[in-house]
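Asks: If you scroll down you'll find the structure; I have some questions about it.
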Amino acid sequence: MTSLAPRRRRRSLGVPRRISTEGMDRESLICEAILLDPDIERALSIYWEPDDETCRRVGWSLVRHTGTLFHVGRRLLELTTPGGALLPPPEYRMCLGTEPTDEEVFAAPLLQPWSLLLFQSGSSPAYWKLGGTVYHRDHDCVWVWTRLLYLHRAKKMARTDEGWLKLGKRMSA
Numbered sequence: 352m353t354s355l356a357p358r359r360r361r362r363s364l365g366v367p368r369r370i371s372t373e374g375m376d377r378e379s380l381i382c383e384a385i386l387l388d389p390d391i392e393r394a395l396s397i398y399w400e401p402d403d404e405t406c407r408r409v410g411w412s413l414v415r416h417t418g419t420l421f422h423v424g425r426r427l428l429e430l431t432t433p434g435g436a437l438l439p440p441p442e443y444r445m446c447l448g449t450e451p452t453d454e455e456v457f458a459a460p461l462l463q464p465w466s467l468l469l470f471q472s473g474s475s476p477a478y479w480k481l482g483g484t485v486y487h488r489d490h491d492c493v494w495v496w497t498r499l500l501y502l503h504r505a506k507k508m509a510r511t512d513e514g515w516l517k518l519g520k521r522m523s524a
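Printed below as a string of structure tokens:
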């Protein structure tokens, strides 16, 4: 009969534990956020409920970080949106000019179908990436990924690193 050697726990080896946020509910995610970042408690009231408003407040404060905190925050935001398709907050603006001119509206290519991702890698802060197939009467159709600078919801347009894009149908989440 052979005996199995006792397994060492990961924490004892100095390897940080990883959590899987996909299967967690709102309350578990908020509790995990409090354990990982004690500053989150300032964003919560004393008697907090895992409702949409609390999840959004905690989620937006967590996605400013990197690593596990970012993933917990993004998952909280996904749970508050219908279908899990994230959009930046209405006040999100990384450029000064937020109104396209008439020429820019006319010349802007169509992006359809499009997808919007809140992306973070390594130690760099999170940013929004907009991707999809670009259609323009003067150019071939190409698939692009570009950095989102502003989302103009009323005109269904997006300001990116490459300029203004008209937004067609969004990909399902």
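Residue numbers (my numbering): 352 to 524.
Ideal placement from N, C-alpha and C gives every residue a C-beta, glycine not left out.
#1: Compute the distance between the beta-carbons of Glu455 and Gly514, then report whether it is under 9 Å.
#2: Apart from the five residues on each side of it in sequence, which residues of its chain come closer than 7 Å, Cβ to Cβ, to Leu437?
#3: Helix, strand or coil for Ser472, going by three-state DSSP, please let me know.
#4: To the nearest angstrom, how far is the alpha carbon of Thr419 from that of Leu386?
#5: Which residues does DSSP list as the beta-bridge partners of Lys480?
#6: Does Arg498 pass the burial test, meaning 16 or more other C-beta atoms within 10 Å, or should it be called exposed?
#7: Between Leu502 and Ala509, what straight-line distance do the alpha-carbon atoms span, to the nearest angstrom?
#8: Terminal residues of the continuous alpha helix (DSSP H) containing Thr419?
Replies: Let me lay it out:
#1: yes
#2: Leu428, Glu429, Leu467, Leu469
#3: coil
#4: 12 Å
#5: DSSP, once it has assigned bridges, lists Leu468, Arg498 as partnering Lys480.
#6: exposed
#7: 5 Å
#8: 419 to 431
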